[in-house]
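Taking the working numbering, the leading residue of the sequence shown gets 65, the next gets one more, and so forth.
Backbone N, C-alpha and C fix where the C-beta goes; we use that ideal spot for every residue, glycine too.
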Amino acid sequence: MDLTLSPQEQAFRDELREWLEKNNPGQEPSGEQDMFKFRREWQKTLHDAGYAGLSWPKEYGGRGATLIEQAIFNEEMARQKAPGLANVLGLVMGGPVVIAHGTPEQKERFLTPILSAEEIWCQGFSEPESGSDLASLKTRAVKSNGGWNITGQKVWTTYAHEAKWCMLVARTDPDAPKHKGLTYFLMDMEQEGVQVRPLVQITGESEFNEIFMEDAYVPDENVVGEPGQGWNVAITTLMNERAGLAFGSAVAVKLALGDLMDLVRERGLEEDPIIRQRVGQLYIEAETLRLNAYRGLTSQMKHGIPGPEGSLPKWQWSDINQALTELAMDIRGPEAPTVDERWTYRFLRARANSIEGGTTEILKNIIAERVLGLPRMR
């Protein structure tokens, strides 16, 4: 792949860079509620300027940008340390799934409020006994009164406490093979049959949640795809998740590596051979992450949809970010156990990287079987 930007892509990057320099609202406020409100307002600002859902087709409220331009957007957002977006799950996963598999009525109803962050989305896949093994889920949906009654539990559901809609997979045919008896629903979180309980993380935050459903109702018009075909729709969701985060993650790692080098210099360790070797290895791995993100993009441009290659950058990012924060703690030495607003938080938050968005073990299996063509694990 030629990594040189075309004149059109260069012009887009310059336009975006100038806009971000003028409109970047800066550091997020402290406090989870204030931070989420801040991100919601920031997403609306991006939407008003035509930058939310950048690569969505124009007829669905996007800009119809190329995948390269979407990658440039993710890179520039990370490079300028712009705030995150409130509705990232809707933008990266929910919207693309509705565009790919939804009915005309679903597209008209759901897409615009995703872009503006008017309605926040969450993802109801993982369960207490079926995390990365999605097909083993036990949440059941039973046909009832022009819709479905759903009973079960989901866990590790990001932003469920803020969400209006949940991309939820449930078992609708208990007698079918486990990959065949699933259906994909868009469930209204604001109903009596749904309870959300935040989970406090090691960082003190509670962005993840448990969801308990007791006869929660979803009408037939909120089924995405056909009943029993939810596995294929869910795979589209997961591939968009991993592909959509690759470029931003690659740039974020490079920025964090720059911060790490500053820490090395502050401690006078720039000539330490072991530290230099570890930093050099991280730099090499960060560059391979960036190039693999482009490899996945090349495949997506050829085939039109994200492929299993998107699992590789997510796996790499997890390993690199954890190793980077561990080195920072080693450099801090005896101070490492004490609270530091920047590095302690990064170290603690990185513990989840190898679990969230698909565990590293599952990603290795996907790459082995679907990219390298190795035999399936028994």
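Going by other Cβ atoms of all chains shown within 10 Å of its Cβ, with 16 needed for buried, is residue i buried or exposed?
i	result
Gly128	exposed
Ala113	exposed
Ser94	exposed
Asp167	Position check: residue 167 holds Thr in this sequence, whereas Asp was assumed. Exposed is the call here.
Thr300	buried
Gln74	exposed
Ala240	exposed
Leu179	buried
Ile430	buried
Leu330	In the sequence as displayed, the identity of residue 330 is Glu instead of Leu. Glu330 comes out exposed.
Pro337	exposed
Leu198	buried
Assuming contact is defined by CB atoms lying nearer than 7 Å, are residue i and residue j in contact in what I supplied?
i	j	result
Leu118	Gln97	no
Val282	Met251	yes
Thr203	Phe272	no
Val343	His165	no
Ile395	Leu319	no
Ile275	Val260	yes
For residue i, report the span of its beta strand (DSSP E) as first-last.
i	result
Gly216	Gly211 to Lys218
Glu278	Phe272 to Pro283
Gln107	Unbroken run through Gln107 is the alpha helix (DSSP H), Glu96 to Asp112; no beta strand (DSSP E).
Trp185	Trp185 to Gly188
Arg173	Looking at the DSSP string, Arg173 is not in any beta strand (DSSP E); the run it does join, the alpha helix (DSSP H), is Pro168 to Leu179.
Leu246	Leu246 to Asp252
Trp229	Trp229 to Arg235
Can you grab the Cα-Cα spacing for the pair residue i / residue j, in whole Å?
i	j	result
Glu256	Pro238	26 Å
Arg440	Pro372	15 Å
Arg406	Glu92	14 Å
Asn213	Ala350	46 Å
Pro147	Phe102	9 Å
Leu333	Leu391	12 Å
Ile384	Gly322	14 Å
Ala142	Trp379	19 Å
Gly445	Arg434	The first residue shown for the chain is 65 and the last is 442, placing residue 445 beyond what the model contains.
Leu131	Pro401	42 Å
Leu201	Pro121	33 Å
Pro291	Val297	11 Å
So what does DSSP say about residue i, is it helix, strand or coil?
i	result
Met415	Residue 415 is actually Arg in this sequence, not Met. In this structure, Arg415 counts as coil in the three-state DSSP scheme.
Ser208	strand
Lys381	The amino acid occupying residue 381 in the given sequence is Trp; Lys does not appear at that position. Trp381: helix per DSSP, three-state reduction.
Arg127	coil
Tyr358	helix
Glu182	coil
Val403	coil
Glu139	helix
Gln144	coil
Glu191	strand
Gln293	strand
Within the continuous alpha helix (DSSP H) that includes residue i, where are the two ends?
i	result
Pro262	Counting along the chain, Pro262 falls outside any alpha helix (DSSP H), though it belongs to the beta strand (DSSP E) covering Val258 to Leu263.
Lys86	Pro71 to Asn87
His165	Gly159 to His165
Asn151	Note, Asn151: premise wrong, no alpha helix (DSSP H); not H, not E.
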